[in-house]
Amino acid sequence: MKKGLLPLLMVILFYSDSVFMLFFSEQAFDGAYTPVPRFFLIGLLMMAVFFDRNTAIKYGFFFGFLFDMFYTGLLGAYFFFLPLLVYITSKLTKWLHGTLPVLFIIILFDVALIELMIYGLNVLVQRTAVSFEQFAYVRLIAVLVLNGLFYMIFAIPLRNAFIHLKKVFD
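Here my numbering is used: the first residue of the sequence shown is 691, the next is one more, and so on.
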């Protein structure tokens, strides 16, 4: 029964991205900013650090595929980038120590990295006409602020949940 809590937690984080966007759409700030939640990514990266990297990579592939199917028109973007970010983050935290303040910087770096990669892919396939300056001002800053706030509020509960689930699975 308790082993079902890990997939449940990840599904909740996966859906929290879209539920958040229902309440705070692009028009929430008069279109001046586009804060895109990356709550699932934050949870996935914390799972890699505090639970198990290989399990997080598997979840990254699975939910990346779902993310591509339901939210984007670029099949394979999240399917490839989520597991890659999990791997990079797990290696960085072993090298830089996985304390919460260090993890905060790494996670914000990862969020910025995935935003830049998705923007780059959209420019490459000509799905956007937004300049980089406009992207950085309208979207990237808002994304980093929103996800930084999410991390500050939920880092300790998520860390404790993954540590507890690791004990359950061991």
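We put the beta carbon where it would ideally sit given N, CA and C, even for glycine.
Can you tell me the Cβ-Cβ gap for residue i and residue j, rounded? I've got them flagged as a contact below 8 Å.
| i | j | result |
| --- | --- | --- |
| L855 | F741 | 6 Å |
| N837 | V801 | 5 Å |
| V828 | K693 | The pair is not a contact, with the Cβ atoms about 42 Å apart (cut-off 8 Å). |
| L772 | L734 | 6 Å |
Work out the CA separation of residue j and residue i for me, nearest whole Å.
| i | j | result |
| --- | --- | --- |
| V646 | V726 | Any answer about residue 646 is impossible in this case: the structure gives the chain only from 691 up to 860. |
| V833 | F714 | 12 Å |
| V813 | P791 | 33 Å |
| M736 | T724 | 24 Å |
| I843 | F769 | 27 Å |
So, with DSSP's three-state summary, where would you put residue i?
| i | result |
| --- | --- |
| A845 | helix |
| V726 | coil |
| T745 | helix |
| G694 | helix |
| D758 | helix |
| F710 | helix |
| G721 | coil |
Whole alpha helix (DSSP H) runs in the stretch 771 to 821 with 4 or more residues, listed along the chain? Within the stretch 771 to 821, the complete alpha helix (DSSP H) runs of at least 4 residues are 790 to 814.
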